[in-house]
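Chemist: First to last, the protein sequences are chains A and B.
Here the first sequence is numbered in this note's numbering, starting from 526 and rising by one per residue.
Here the second sequence is numbered in this note's numbering, starting from 150 and rising by one per residue.
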Amino acid sequence: MPVRDIVIYPDQRLKTVCDEIRNIDEKTLKVAKDLLETMRYYNHTVGIAAPQIGELVRIIAVDASKNKKGQKINHGELVMINPEILDWSSIIKTREGCLSVPDYTGNVNRARKITVKYWDLDGKEHQFDTEGFEAVVIQHEIDHLDGILFIDRIISKRTDLFRRKNYG
Amino acid sequence: MGKYFYALTVIGRDKPGIVAAVSEVLFNKGISIEDSISTLLGDQFTMTLIISSDTNYGVLELKKAFAKARKDLELSISLRRIDKDEATTREPENLYSVSVYGTDRVGIVYGISKAFADNGINILDLRTRLTKGEPPMYVMILDVDLPKGMDESAFRGILDRACKKINVDYSIRKVETYEL
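#1: Is there at least one Cβ from chain C nearer than 8 Å to A/E551's Cβ?
#2: Closest to A/I516 by CA distance: which of A/Y566, A/N548, A/Q652 and A/I676 is it?
#3: Classify A/G572 as buried or exposed, calling it buried when 16 or more other Cβ atoms lie within 10 Å of its own Cβ.
#4: Beta carbon of A/D671: closer than 7 Å to some heavy atom of the ligand ATP?
#5: When you check each C-beta in the region 258-292 of chain B against every C-beta of chain A, which residues fall closer than 7 Å?
#6: Of all the CB atoms in chain B, is at least one closer than 8 Å to the CB of A/G693?
#7: Candidates B/Y287, B/G260, B/N271 and B/D234: which alpha carbon is nearest B/G251's?
#8: Run down chain B in chain order and give the residues with a C-beta less than 9 Å from the C-beta of A/I571.
#9: B/E173: buried (16+ other C-beta within 10 angstroms of its C-beta) or exposed?
#10: Could you tell me which whole beta strand (DSSP E) segments of length 3 or greater appear in the region 152-198 of chain B?
#11: Rounded to the nearest angstrom, what separates A/V528 and A/L554 at their Cα positions?
#12: Does any residue of chain B bring its CB to less than 8 Å from the CB of A/D654?
#13: Based on Cα-Cα distance, which residue from B/K297, B/D292 and B/I321 lies nearest to B/G306?
#14: Which of helix, strand or coil does DSSP assign to A/H600?
#15: Answer yes or no: does any C-beta atom of chain A fall closer than 8 Å to that of B/T158?
#16: Kindly provide the ranges of any alpha helix (DSSP H) runs that are 4 or more residues long and lie completely inside the region 208-286 of chain B, ordered along the chain.
#17: Under 8 Å, Cβ to Cβ, is there at least one residue of chain B near A/E666?
#18: Please identify the residue among A/E659, A/L686 and A/T655 whose C-alpha is closest to the C-alpha of A/G595.
#19: Have a look at A/I578, A/K591, A/P608 and A/E580 and flag the residue whose alpha-carbon is nearest the alpha-carbon of A/Y643.
#20: Go through its chain and collect everything with a Cβ distance to A/C623's Cβ below 7 Å, but skip five positions before and after it.
#21: Closer than 7 Å, Cβ to Cβ, to anything on chain A: give me those residues from the region 228-242 of chain B, in chain order.
#22: I want to verify the contact list: residues of chain A whose CB lies under 8 Å from the CB of B/V324, in sequence order.
#23: Going by C-alpha to C-alpha distance, which of B/I272, B/D163 and B/D221 sits closest to B/D294?
#24: So what does B/L291 bridge to, in DSSP terms?
#25: Shorter than 8 Å from the beta carbon of A/T630 to some beta carbon of chain B?
#26: Roughly how many angstroms lie between the CA atoms of A/G693 and B/K281, to the nearest whole one?
#27: Measuring only between beta-carbons, confirm whether B/T188 sits less than 8 Å from chain A.
#28: With DSSP as the reference, please indicate the residues paired to A/Q652 in a beta bridge.
#29: Is the separation between the beta-carbon of B/A216 and that of B/L224 shorter than 8 Å?
#30: So, B/Q193 versus B/D221, is the Cβ gap smaller than 8 Å?
#31: Going along the chain, which residues of its own chain have a beta-carbon closer than 8 Å to the beta-carbon of A/V626, five neighbours each way excluded?
#32: Starting from B/K313, trace the beta strand (DSSP E) both ways and give me its first and last residue.
#33: Please list the residues of the region 542-566 of chain A that have a C-beta atom closer than 8 Å to any C-beta atom in chain B, keeping them in chain order.
#34: Compute the Euclidean distance between the alpha carbons of A/E666 and B/I167, then round it to the nearest angstrom.
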C-alpha cells in the first residue's frame with residue numbers, strides 16, 4: 526500500500542534522530558515511493574519526512590509548487606536523500622502546522638534563504654539555493670530527520686512585542 | 150457524564166509561585182486546564198483560564214478552595230460558570246496580524262477597535278505596550294479575523310481611515326498556516 530498512515534505525536538519515532546542512507550537499495554526506493562504517494566494523497570501537504578510514515582531514515586519529499594506561496598521559487602517535486610543545509614541567511618517568521626501534530630499551530634523562526642545539498646534516487650549529488658516558502662518547507666522536513674518538531678522551535682509571543690536591545 | 154466548565158481569572162503582584170499555587174488548587178479538585186494564557190503586565194501577573202471538571206462544583210465552593218492562595222499571595226480571583234461551547238475556539242477564516250503604532254495618546258485602542266467592531270472584524274488577540282523614550286510610543290499588535298467577503302483592500306481602507314483620524318501608522322500581514 527503506497528499511501529501510508531501518518532505517525533502522530535506522542536509516537537516516539539518522531540523524536541528520533543534518523544539514520545543516514547548509505548546505499549540506495551530497494552528499501553530506500555520503496556520508502557521514497559511511499560513518501561511521494563503519501564504527500565500527493567494529502568493535497569494540502571507540500572512536504573513529508575520519512576519518520577512521518579514510520580521509516581527512521583534520512584529521506585524527505587517536498588513539492589513547494591503545490592502551494593500558491595511556492596509558485597515563484599520552487600524546484601518542483603523532489604525526493605531528497607540525506608539532505609543537509611550548508612548555509613543559511615536572514616530570518617522569517619512563519620506559522621506552521623504539522624500532519625503529525627494535529628490541531629496545533631505555532632509561530633516559528635526559519636531562515637529565509639538556504640543552500641541545501643542532497644542525493645537523488647540515482648545517487649547523484651545536487652546542491653541548490655532557495656528561499657521563502659520552499660526554504661521553510663525543507664527546513665521543517667529536515668528537522669523531522671533530527672527528531673525536532675515545530676513545537677520545539679516555537680518563539681515567544683511575548684518577545685515578539687517586547688524584544689528590546691539593551692544598549693546599557 | 151458531562152463536563153462542567155468555568156472561566157477563571159487571577160491577578161496579583163508578580164512573585165514566584167502564583168502558577169503553582171493556582172494549579173495546585175485545580176489539581177487537588179481534579180480540575181483540568183483546557184486553555185489558558187498568563188503573562189506579566191507591568192508588575193502584575195495575570196492568568197486567564199478555561200477549566201473543566203467532571204464534578205459539578207458550585208462557583209462559591211470553588212472560590213473558597215482558592216482562599217489560602219488568595220491570602221498567601223495576595224491575589225484577586227474571579228470565577229464564573231460557562232457553557233461547553235464557550236470552551237472551544239472557533240477556527241479563524243481570514244486571519245491577519247496587525248501592528249498599529251504612533252506617539253502615545255488617549256484613544257488609540259478605542260479608535261482602532263471601534264473601526265473593527267463597526268465592520269464586523271473580530272479581534273482574537275491584542276497586546277499593547279507603551280515604550281520608554283521621549284516621546285513615548287504606543288504599540289499594539291493584534292490578530293484579527295476578517296468577516297466573510299471582506300478582501301485585503303477593503304480592510305486596508307478601514308485601517309487607513311481609522312489610523313489617519315488618530316495619527317498613527319499601521320502594517321498588516323496575512324497569517325497563513327503551513328501544514329507540513
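In this text, a Cβ means the ideal position worked out from N, Cα and C, and glycines have one as well.
On a predicted model such as this, the values are computed, not experimentally measured, just so you know.
Modeler: Let's see:
#1: Note that chain C does not occur in the displayed structure, where the protein chains are A and B.
#2: As shown, chain A starts at 526 and ends at 693. That puts residue 516 of chain A outside it, with no answer to give.
#3: The sequence position of residue 572 of chain A within the first sequence is 47, counting from 1. Buried, because 16 or more other Cβ atoms sit within 10 Å of the Cβ of A/G572.
#4: Ligands are entirely absent from the displayed structure, and the ligand ATP is therefore not among its contents.
#5: R276, R278, V288 and I290
#6: On the first sequence, residue 693 of chain A is found 168 positions in, with the first residue counted as 1. Its pLDDT being 44, under 50, A/G693 is placed unreliably in this model, and the coordinates cannot settle the point.
#7: Taking the first residue of the second sequence as position 1, residue 251 of chain B is located at position 102. The shortest C-alpha separation from B/G251 is found at B/Y287.
#8: Locating residue 571 of chain A in the first sequence gives position 46, where the first residue counts as 1. Reading off the sequence shown, one finds Val at residue 571 of chain A, where the question assumed Ile. The answer, in chain order, is Y327, E328 and L329.
#9: Along the second sequence, read from residue 1 onward, the residue named residue 173 of chain B stands at position 24. Flag for B/E173 reads exposed.
#10: 153-162 and 181-190
#11: Position 3 of the first sequence, counting from 1, holds the residue named residue 528 of chain A. Position 29 of the first sequence, counting from 1, holds the residue named residue 554 of chain A. Distance between the alpha carbons of A/V528 and A/L554: 14 Å.
#12: Here residue 654 of chain A corresponds to residue number 129 of the first sequence, with the count starting at 1. No, A/D654 does not count as interfacial toward chain B.
#13: Numbered from its first residue, the second sequence carries residue 306 of chain B at position 157. The option with the nearest alpha carbon to B/G306 is B/I321.
#14: Numbered from 1 along the first sequence, position 75 holds the residue referred to as residue 600 of chain A. Looking at A/H600 - three-state DSSP - the assignment turns out to be coil, as it is neither helix nor strand.
#15: If you number the second sequence from 1, residue 158 of chain B lands on position 9. B/T158 does not count as touching chain A.
#16: 208-214, 216-222 and 257-267
#17: On the first sequence, residue 666 of chain A is found 141 positions in, with the first residue counted as 1. Residue contact check for A/E666 against chain B: a CB pair falls below 8 Å.
#18: Sequence index remark: in the first sequence, residue 595 of chain A carries index 70 (1-based). Selected option, being the one with the closest Cα: A/E659.
#19: By one-based count along the first sequence, residue 643 of chain A stands at place 118. Ranking A/I578, A/K591, A/P608 and A/E580 by Cα distance to A/Y643 puts A/P608 first.
#20: Within the first sequence, residue 623 of chain A is the residue found at index 98, counting from 1. Answer for A/C623: L674 and F675, listed in chain order.
#21: none
#22: Here residue 324 of chain B refers to the residue found at position 175 when the second sequence is read from its first residue. Within 8 Å Cβ-Cβ: R620.
#23: Residue 294 of chain B sits at position 145 when you count from the first residue of the second sequence. For B/D294, the nearest C-alpha among the options comes from B/I272.
#24: On the second sequence, residue 291 of chain B is found 142 positions in, with the first residue counted as 1. DSSP output for B/L291 lists B/V247 and B/L275 as bridge partner(s).
#25: Here residue 630 of chain A refers to the residue found at position 105 when the first sequence is read from its first residue. So, interface residue.
#26: Here residue 693 of chain A refers to the residue found at position 168 of the first sequence. Here residue 281 of chain B refers to the residue found at position 132 of the second sequence. Confidence at A/G693 is low in this model, with a pLDDT of 44, below 50, so its placement is unreliable and no value can be given for it.
#27: Stepping through the second sequence from its first residue, residue 188 of chain B is reached at position 39. Cβ-Cβ to chain A under 8 Å: yes for B/T188.
#28: As a working note, residue 652 of chain A is residue 127 in the first sequence. For A/Q652, which the question treats as bridged, DSSP gives the partners A/K642.
#29: Along the second sequence, read from residue 1 onward, the residue named residue 216 of chain B stands at position 67. Along the second sequence, read from residue 1 onward, the residue named residue 224 of chain B stands at position 75. No, the Cβ-Cβ distance between B/A216 and B/L224 is not below 8 Å.
#30: Against the second sequence, residue 193 of chain B aligns to sequence position 44. Against the second sequence, residue 221 of chain B aligns to sequence position 72. No, the Cβ-Cβ distance between B/Q193 and B/D221 is not below 8 Å.
#31: The sequence position of residue 626 of chain A within the first sequence is 101, counting from 1. Result list for A/V626: I533, Y534, L674, F675 and I676, in chain order.
#32: Here residue 313 of chain B refers to the residue found at position 164 of the second sequence. No beta strand (DSSP E) holds B/K313; the alpha helix (DSSP H) holding it covers E301 to I315.
#33: none
#34: The count along the first sequence starts at 1 and reaches residue 666 of chain A at position 141. The count along the second sequence starts at 1 and reaches residue 167 of chain B at position 18. C-alpha separation (whole angstroms): 39 Å.
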